[in-house]
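Have a look at the structure below, then the notes.
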Amino acid sequence: MPSRPAASPRDIYRQLKDMILGFSLYPGARVTENELAVRFGVSRTPVREALQRLAAEGYLTIRPKQGCFVRDIDIETINHYYDVRIALEMRALELACVSMPDSQIKKLAAVWNPQQAPKQPPPMETMVARDEGFHMALAAGAGNSVLAGYLKDVNEHIHIVRRLDFTEATRVDHTYAEHHEILQRLLERDADAAKILMLRHIRKSADVAKAITLTQLAQQRIRARAK
Numbered sequence: 001m002p003s004r005p006a007a008s009p010r011d012i013y014r015q016l017k018d019m020i021l022g023f024s025l026y027p028g029a030r031v032t033e034n035e036l037a038v039r040f041g042v043s044r045t046p047v048r049e050a051l052q053r054l055a056a057e058g059y060l061t062i063r064p065k066q067g068c069f070v071r072d073i074d075i076e077t078i079n080h081y082y083d084v085r086i087a088l089e090m091r092a093l094e095l096a097c098v099s100m101p102d103s104q105i106k107k108l109a110a111v112w113n114p115q116q117a118p119k120q121p122p123p124m125e126t127m128v129a130r131d132e133g134f135h136m137a138l139a140a141g142a143g144n145s146v147l148a149g150y151l152k153d154v155n156e157h158i159h160i161v162r163r164l165d166f167t168e169a170t171r172v173d174h175t176y177a178e179h180h181e182i183l184q185r186l187l188e189r190d191a192d193a194a195k196i197l198m199l200r201h202i203r204k205s206a207d208v209a210k211a212i213t214l215t216q217l218a219q220q221r222i223r224a225r226a227k
C-alpha cells in the first residue's frame, strides 16, 4: 500500500488556521514546532514556514525564547476596530454616492439580489470573502485608495470573529437582502438612507459574531478545565 504523502507547508497552514478559527486551538495556547511536526508527520521546516505565515497574518504571536502562541481575542479591541470600520464605511458611502457610476452599482445589485442567495449556505470562509468583497467594492467605488487600504486592514483584524456571523443560514439571506437595499439607496443617490442601512447592517453583524465568539470561548474554557 503506497505511503501517504507528507503534508506541505500550505496544508499545515490551512489546517492550523482552521483549528485557530474554530477554537480547536484555544486563544493564548502555546504551540511548538516539535509537537506539530509529530502531529503532521513532517520535519520542523514546513511547520516553521506555516507558523511564520500565520504569525504574519496576525493569527499567532511569536515570542523570542518562549514560542508561538495563538493570538488572544480581546473583545474590547475588536469593538474599537468595528468603530473604525463604521467610520470608514460611512465615508465610503458618501463618496460612492457621488463617484460610483450607476452601471457599477447595478452590477453589484444584481449579484446581491436576494433571489440570487444560495439555497444551501456556502462555507463560512466563502461567505466572508463575498461579504468583504461587497464592502471593498463600495470602498473602491468611493475612489479613495487610501480609505480602501485602511478598510482592508481593519477587515483583517476582525476576520476571526466576522466569519462567525455566517454560522446560521438566515444570516446569509439577511446579508443578501441588506446589501441589496443599501445599493438601491445608492442608486437613488440617497447617502443618508444608505448610511442608516449600512450602520444597522454592520452593528447587527458585529453583535451576532461577538456573541458567538464569547459563547465558543466560554465552551472552550469549560472543556479545558475538564481535561
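Heads up: the sequence shown at position 224 corresponds to 224 in the UniProt record's numbering, and the numbers run straight through without jumps. All C-beta atoms in this analysis are idealised placements derived from N, C-alpha and C, irrespective of residue type, glycine included. Nothing here was measured: the structure is a model prediction, and the numbers come from that model.
Worksheet entry | Simplified DSSP state of V70, which is helix, strand or coil | strand
Worksheet item: In angstroms, rounded to a whole number, what distance separates the CA positions of R10 and L16?
Response: 10 Å
Discussion item. Which same chain residues end up closer than 6 Å to C68 when comparing Cβ atoms and leaving out the 5 residues on each side of it in sequence?
Written reply: V31, L51, L60, I62
Worksheet item: For V31, which residues does DSSP report across the bridge?
Response: C68
Worksheet item: Who are the Cβ neighbours of E94 in its own chain at under 7 Å, not counting the five residues just before and after it?
Response: A191
Worksheet item: Between which two residues does the alpha helix (DSSP H) harbouring L147 extend?
Response: 145-162
Fill in: Classification of A129 by the beta-carbon crowding that lies within 10 angstroms, buried from 16 upward
exposed
Item to complete: Return the bridge partner residues of L25 from the DSSP annotation.
Response: DSSP output for L25 lists no bridge partner at all.
Discussion item. So, with DSSP's three-state summary, where would you put A167?
Written reply: Sequence inspection shows Thr at residue 167; the Ala mentioned does not correspond to that position. In this structure, T167 counts as coil in the three-state DSSP scheme.
Worksheet item: When you compare each of I73, P122, T126, L138 to residue 229 by their alpha carbons, which one comes out closest?
Response: For the chain, the structure presents residues 1 to 227; residue 229 sits outside this window and is missing.
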